[in-house]
Amino acid sequence: MKLFSLIACLSCLTLVSAFPQSDSGGFHPLWNGTDLSEWVNVNGAPETWSVTEPGVIHCTGKPICALRTPRLYENFILELEWRHLKSGGNAGVFIWSSALAARGQPFLRAIEVQVLDHGYNSKGKNEWYTTHGDVFPIHGSTMEPFGRHNGQRSFPSEERSKPSPEWNHYRIDCRDGVLRLSVNGREVSGGEKCVWRKGHIGLESEGSPVEFRNLRIQELPPSATPPTADQSAPLEPGWRQLYNGVDLRGWLSTPAPVAGKTELPDAWESKDWRLVFTPRESGPTSGVAWASGPFADVELIIDVRLPKPAEGKEAAEPELEGGLMLGGGTEGPSIVFGAPSRQGLALLTDPADRGGWHRLHLQMTKDKLAVQVDGQPAGETLGYERNAGRSDWPLGLVDFGRGMEWANLYVRPVLP
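The number in this note's numbering is simply the position in the sequence shown, starting from 1, with 15 added.
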């Protein structure tokens, strides 16, 4: 009986130790230790992030994507442990991040605290990166780095991280726009004058399996001078991803499910965070990928990149590259890309628009369609009567097979 009691007691202690506990220092767990219902899967597949054992967040590394907190944080101390499961693995922790992936990127805008395994090292190491806790801003964020640095990238003052599959401990002190990283017990890198200095906390998936555990946070008092709108990540509630970065689940070859096979032909390909249409030798030269709705009274975000012709091979006239089927219409695109057209609203018709990523923000109601491109209105709000009586509008991506790319597809209900 005594032996049974001892075993039961040890089992309880093991279970308790798997979860970070609140303590007198003011720390509390950043998640519940059992599932990821309190976090937001920004742009990954359902299986990318999981809890494989109590208290451990497992990431497959595919696709390149992020998992983040639902709320914003300003001043705090974050502690966590991480380990790579393969040599040369790459991942990261996003501090003061955006809610959605940056335009034309799978990453969040943030200050990144890199999580890089020793096996990633190559000749020239320390010229532009290390594997011991680099800190740097990405995709619109800025920072003045401490110590030895390359541009805005802060290099650690000493090499303290352990190789796969050993666990490493990070302590990330974030207050008043100053970030300080301690690796396995000693401060090594960071920066000041960070913008943003209020935002989400995120974990990064970047190609290799990685695990995180013992995530805990101590929230600190807000700054005496609150961050301005330009210094804080915007609130972006309610967005849901339409493409998971791994495969084409949820996308059909017809506007609505019908009897028989409706999966997309293999000309539509998932290339990690990008979605592309590549014509096959004996197949169609264009295609439409349909996301089942309803898409009535919604906002959409869609990133697109039009191909840029090689020098000397520019077409005499701009060519249509693709478009969007909206509002339940199937006879032609409501929006077209690359050239003027009588068929729909023409966007990105300037040759200078080609080669770079552009973000479309669409607001659809039963009789109006408002479009922004890269944050700027794309003409006036349009009267929009096509199939206005429907409540099950699908969304179709039209691709003419000349090298267009799609990414970061999100939807949410129109906000009040």
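Here a beta-carbon is modelled for each residue, glycine too, at the ideal position from N, C-alpha and C.
The model shown is predicted, which means the values in this text are computed figures rather than measured ones.
In the structure shown, the three-state DSSP call for PRO152 is strand. Contact check between the region 47-64 and the region 254-267: three or more CB pairs, one atom from each, fall below 8 Å, which counts as touching. Sequence-distant partners of PRO152 (beyond 5 residues in either direction) whose C-beta falls short of 6 Å from its own C-beta, in its chain, are ILE126, MET158 and GLN167.
About 6 Å separates the beta carbon of ARG98 from that of PRO180, a gap short enough to meet the 8 Å contact definition. Ranking PRO270, HIS147 and PRO121 by CA distance to the CA of HIS133 puts HIS147 first. With respect to the 8 Å criterion, GLY205 and PHE161 are classified as neighbours on the basis of their beta carbons.
In the same chain as HIS73, and ignoring 5 residues on each side of it, the C-beta atoms closer than 6 Å to its own belong to SER65, THR67 and GLU226, in chain order.
Around the beta carbon of ALA81, 16 or more other beta carbons sit within 10 angstroms, so the residue counts as buried. Per DSSP, the unbroken beta strand (DSSP E) holding ILE232 starts and ends at 225-234. The C-alpha of ASP245 is placed about 44 Å away from the C-alpha of PRO280. Judged by DSSP secondary structure, GLN129 falls within the beta strand (DSSP E) whose first and last residues are 125-131. By the CB criterion at 8 Å, ASN183 and VAL198 fall inside the cutoff. Residue state for PRO324 is assigned as coil, using DSSP reduced to three classes. If you draw a straight line from the Cα of HIS154 to the Cα of GLU332, it is about 34 Å long. C-alpha of GLY418 to C-alpha of PRO322: approximately 5 Å in a straight line.
No Cβ-Cβ contact shorter than 8 Å links THR84 with HIS164. Boundaries of the beta strand (DSSP E) around LYS286: 283-286. The distance from the Cβ of VAL150 to that of LEU196 is about 5 Å, consistent with a contact at the 8 Å cut-off. With contacts defined by Cβ atoms closer than 8 Å, LYS381 and ALA306 do not form a contacting pair.
In this structure, TYR135 sits near ASN105, with a CB-CB distance shorter than 8 Å. Shown here, GLN378 sits in a strand according to DSSP, grouped into three states. Judged by DSSP secondary structure, LYS208 falls within the beta strand (DSSP E) whose first and last residues are 201-210.
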